[in-house]
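In the numbering used here, the protein residues as written are 169 to 256.
Right under this line is the structure:
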């Protein structure tokens with residue numbers, strides 16, 4: 169019995185932390201798609217220097233993504249990468 173409560177607490181903490189992290193990440197991504205400076209800052213941190221055309225394309229790609237968890241026409245169809253059969 170003395171091991172049950174810490175294990176349950178650990179599991180609840182991990183699950184809660186996961187969902188809080190997902191919520192926070194979605195909010196950050198939603199902010200980023202509306203703020204070009206934030207997107208530029210993230211790209212620089214990753215080692216990329218985006219020009220104006222690349223920034224517009226990145227913003228458009230982010231707007232096509234839906235971070236709210238709602239399924240729309242853009243989700244669930246894949247981008248053709250890693251799907252289907254491999255050619256011999």
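Each residue gets a CB set at the ideal place from its N, CA and C atoms; glycine is no exception.
Just so we're clear, the structure is a prediction, and the values are computed from it rather than from any experiment.
Assumed close pair residue i, residue j - CB separation to whole angstroms, cut-off 8 Å
i	j	result
residue 206	residue 200	5 Å
residue 208	residue 223	7 Å
Residue interval of the alpha helix (DSSP H) (run including residue i)
i	result
residue 208	204-213
residue 233	First-last for residue 233: undefined, no H or E at that position.
Through-space distance from residue j to residue i, alpha-carbon basis
i	j	result
residue 187	residue 179	12 Å
residue 233	residue 214	20 Å
residue 174	residue 185	16 Å
residue 169	residue 182	21 Å
residue 195	residue 217	24 Å
residue 177	residue 221	49 Å
residue 172	residue 226	48 Å
residue 212	residue 219	11 Å
residue 192	residue 210	16 Å
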